[in-house]
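Here the structure comes first, spelled out in structure tokens, and everything after it is commentary.
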DNA sequence: CTAAACTTTCACTAATTTCTGAAACTTCAA
DNA sequence: TTGAAGTTTCAGAAATTAGTGAAAGTTTAG
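Residue numbers (the working numbering), protein chains in the order written: chain G, 1 to 175; chain L, 1001 to 1175.
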């Protein structure tokens, strides 16, 4: 299990800090719901820190409260299967990283450039904005597609390229 | 321009710190190559910090040296167009975030579980590993496809789903 | 070879982030 | 209503990360 805790360390690479990562690992890898106190004890961190960490994980929608009837304590479980969790991480990171960037870009694009140099710079900004927007739109569409189809698509891999060509040919042929 | 510098702040959301982000913004938005000294002056940061930042940006392959004949100083320019830069950021982040996670997972999956509880945990780890691996393989394949096709694919959006169905029908029909 | 014009390194300081633990708060059984 | 069992908050300590600037290192024209 100590080796397993080591995995939590990796969480620091995924948008939250080490402790929060360890808390998440503990919850995900436990089949049974686990209490805040148990988490604090297992990881040897303060009760306060644990509370903060759990709050953060809930704000990421990775962990949810699980009330056991008759028990006074609050227990926690993962908010879904691995696929769901991965999706949530992606969504939240998009919200924290891409969305603010997009909104800043839009702001910057509002005021018109005074100098020639500024004109050039704005063109670049616009390019970045458009790229970012296309990508987010695409990812949203893919997500809406549901896991099953996405899996097919992924299995297909670069083969998608082939399918595209094929489709084009048909279109031309039919005209 | 000061408003434009503000954009660099956003860099902190993208894997490097504020200053490095500002340096990158400055380089990308300047059409002309720019010297380390100029960067330090414009951003009011120390020469040492500038040097470190440039080194980091070069390690991310976002910025490259541009030697002007007859000049003693070293100048810097963006390592490519926006698309290239975005790709590089993605690649480098994958290298820094996903690859170490994958290698840790592989290590953890090597030793066989002693208890029943450990067995359960390992199953989860394996699931995570497989998901991560599929996704990276897919992204590599997409990348190898080149920007042009990728753009088509993105434009198609959720429509890919339709194409997939279509293809399936054909296969069945041919059998 | 030397000195001017640069760049890089690194020990130290500054700023930021994370963690603790005691105090305040909440809930509920008796 | 009380107090036991629990949770949350928050001021400040500890740890980490970023930034400075002086000294050491490089490169090249002369």
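Yeah, the Cβ is synthetic: ideal placement off N, Cα and C, and Gly gets one too. Keep in mind the model is a prediction, meaning the values are calculated, not measured.
Decide if residue i is buried, meaning its Cβ has at least 16 other Cβ atoms within 10 Å, or exposed.
i                      : result
residue 10 (chain G)   : buried
residue 1022 (chain L) : buried
residue 1067 (chain L) : exposed
residue 153 (chain G)  : buried
residue 115 (chain G)  : exposed
residue 1062 (chain L) : buried
residue 1053 (chain L) : buried
residue 1151 (chain L) : exposed
residue 65 (chain G)   : exposed
residue 147 (chain G)  : exposed
residue 1020 (chain L) : buried
residue 162 (chain G)  : exposed
residue 1175 (chain L) : With a pLDDT of 38 at residue 1175 (chain L), under the threshold of 50, the predicted position of this residue should be treated as unreliable, and no value is reported.
residue 60 (chain G)   : buried
residue 160 (chain G)  : buried
Following a CB-centred definition, is residue i positioned closer than 7 angstroms to any heavy atom of the ligand SAH?
i                      : result
residue 1069 (chain L) : The ligand SAH is absent from the structure shown, which contains no ligands of any kind.
Taking the DSSP output, what are the residues bridged to residue i?
i                      : result
residue 1063 (chain L) : L:1078
Report, in whole angstroms, the separation of the C-beta atoms of residue i and residue j, which I expect to be a contact under 8 angstroms.
i                      : j                      : result
residue 16 (chain G)   : residue 56 (chain G)   : 6 angstroms
residue 157 (chain G)  : residue 1138 (chain L) : 6 angstroms
residue 1108 (chain L) : residue 1125 (chain L) : 6 angstroms
residue 89 (chain G)   : residue 14 (chain G)   : 6 angstroms
residue 1120 (chain L) : residue 31 (chain G)   : 5 angstroms
residue 1045 (chain L) : residue 1076 (chain L) : With a Cβ gap of about 15 angstroms, residue 1045 (chain L) and residue 1076 (chain L) do not count as contacting.
- Message: Going residue by residue through the region 1 to 48 of chain G, where are the continuous alpha helix (DSSP H) segments of at least 4 residues, counting only ones entirely within it?
- Response: 2 to 9, 18 to 29, 36 to 43
- Message: Going residue by residue through the region 1075 to 1111 of chain L, where are the continuous alpha helix (DSSP H) segments of at least 4 residues, counting only ones entirely within it?
- Response: 1082 to 1093, 1099 to 1110
- Message: For the structure I just gave you, are there three or more beta carbon pairs, one from the region 103 to 110 of chain G and one from the region 68 to 81 of chain G, closer than 8 angstroms?
- Response: no
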